[in-house]
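In the UniProt record's numbering, the protein residues as written are 1 to 395.
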Ligand code: FEO
């Protein structure tokens with residue numbers, strides 16, 4: 001346990017070895033942490049647990065450091081197993097302890113654990129007096145599940161935010177002011193782009209709602225990664241920027257999927273056209289670039305230029321799943337263009353263009369396909385397309 005404020009302790013788990021999360025969906029190059037917090041006031045309250053594989057250590061540590069029988073209440077901000085996973089073992093030991101959660105939270109707990117414990121349903125505006133401190137509850141529906149909840153700890157100027165403002169990051173310190181800022185922001189934006197990206201309008205409204213409460217905040221403690229102790233408003237400001245549906249960092253991303261380099265040659269020619277017009281870009285191979293990192297590049301881009309050669313009347317497998325992911329993450333308000341080589345039927349570039357348009361991106365040029373291998377004229381046309389896209393980006 002580590003004290004983060006007077007009588008308020010971090011009692012989570014650092015998972016240095018975590019390389020993937022959500023099954024194998026999300027890469028976590030810098031591990032993660034599952035942050036649980038304990039407030040020792042007149043009432044002793046545990047806020048969130050940790051992921052199921054760590055439940056024995058978590059419960060043992062609580063027994064040793066606090067004494068399970070001394071826990072007066074448990075707040076479950078979010079039942080997803082990385083935070084709620086140890087609840088079953090904990091409740092086996094202290095089954096009468098009241099659980100504070102949202103209505104959706106109670107339903108999800110019952111489904112996961114098959115138990116009807118002593119639930120106290122809370123909603124925005126409800127509070128729990130602890131003595132010196134008071135927990136003020138704020139519902140955070142869909143950030144990141146229907147059950148999500150946040151507390152403002154009155155008397156401590158502390159927000160306990162669960163997934164919001166978190167990062168899959170395992171560092172040497174619990175606090176942002178003792179952490180490499182570059183690494184921290186790489187992980188914060190990756191978390192946002194991959195997990196919270198589909199919920200941007202909700203995030204904007206929720207931050208505006210929290211701002212309107214005029215809370216005096218000097219620390220934001222999420223359930224993953226480091227705690228925002230120095231200038232915690234910075235992550236609220238960044239979330240507002242990232243939630244803007246038009247957010248981009250002023251460069252195009254070219255992503256290609258290739259068998260014999262024809263589509264790659266097209267990608268590089270398009271890049272040449274962008275460069276001639278002074279537009280910044282990045283190029284990636286869809287099959288070899290880490291998908292979660294690629295999602296971040298798409299999130300930051302002002303244009304998504306996507307190519308695949310045709311196989312079996314469709315696109316290559318990495319491109320097919322990337323198109324699904326772009327739709328699922330609700331990537332919008334970016335220019336888009338589909339291209340690729342083919343042997344005989346030639347569907348891929350058209351499928352890409354159609355799917356990007358269906359996802360809500362703005363098609364900025366007719367899809368372009370070349371048979372087998374681009375000729376010098378076709379390479380020239382790719383360069384022209386790149387120049388034309390750059391001109392549209394510059395407005
Ligand atoms: Fe960290 Fe939505 O769980």
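Beta carbons: idealized from backbone N, C-alpha and C, even for Gly.
Any non-hydrogen atom of the ligand FEO closer than 8 Å to residue i Cβ
i           : result
residue 195 : yes
residue 80  : yes
residue 86  : no
residue 162 : yes
residue 29  : no
residue 344 : no
residue 10  : no
residue 33  : no
residue 166 : yes
residue 223 : yes
residue 145 : yes
residue 83  : yes
Backbone CA spacing between residue i and residue j [nearest angstrom]
i           : j           : result
residue 268 : residue 10  : 49 Å
residue 35  : residue 222 : 7 Å
residue 76  : residue 2   : 20 Å
residue 101 : residue 283 : 45 Å
residue 278 : residue 384 : 14 Å
residue 83  : residue 209 : 25 Å
residue 52  : residue 108 : 16 Å
residue 242 : residue 344 : 42 Å
residue 270 : residue 204 : 35 Å
residue 387 : residue 297 : 21 Å
residue 389 : residue 20  : 36 Å
residue 229 : residue 214 : 18 Å
residue 113 : residue 138 : 25 Å
residue 219 : residue 239 : 16 Å
residue 88  : residue 140 : 23 Å
residue 378 : residue 338 : 15 Å
Residues that DSSP places opposite residue i in a beta bridge
i           : result
residue 309 : Per DSSP, none; premise fails for residue 309.
residue 37  : 10 and 47
residue 397 : Lying outside 1 to 395, the shown extent of the chain, residue 397 is not represented and no answer is given.
residue 369 : 340
residue 71  : The partner list for residue 71 (beta bridge, DSSP) is empty, contrary to what the question assumes.
residue 100 : 75 and 120
residue 32  : 15
residue 228 : 220
residue 2   : 10
residue 59  : Answer by DSSP bridge pairing: none, since residue 59 is not bridged.
residue 21  : 26
Integer-rounded CB distance, given that residue j should sit under 8 Å from residue i
i           : j           : result
residue 306 : residue 352 : 5 Å
residue 94  : residue 69  : 7 Å
residue 334 : residue 302 : 6 Å
residue 38  : residue 46  : 5 Å
residue 184 : residue 176 : 6 Å
residue 163 : residue 148 : 7 Å
message: To test your reading of the DSSP string, which unbroken alpha helix (DSSP H) runs of 4 or more residues are found completely within the segment 121 to 192?
response: Fully enclosed alpha helix (DSSP H) runs of 4 or longer: 181 to 191.
message: What ranges does the beta strand (DSSP E) occupy inside the UniProt domain "Flavodoxin-like" (252 to 390), keeping only unbroken runs of at least 3 residues that lie completely in it?
response: Complete beta strand (DSSP E) runs here, min 3: 281 to 285, 301 to 308, 335 to 342 and 368 to 371.
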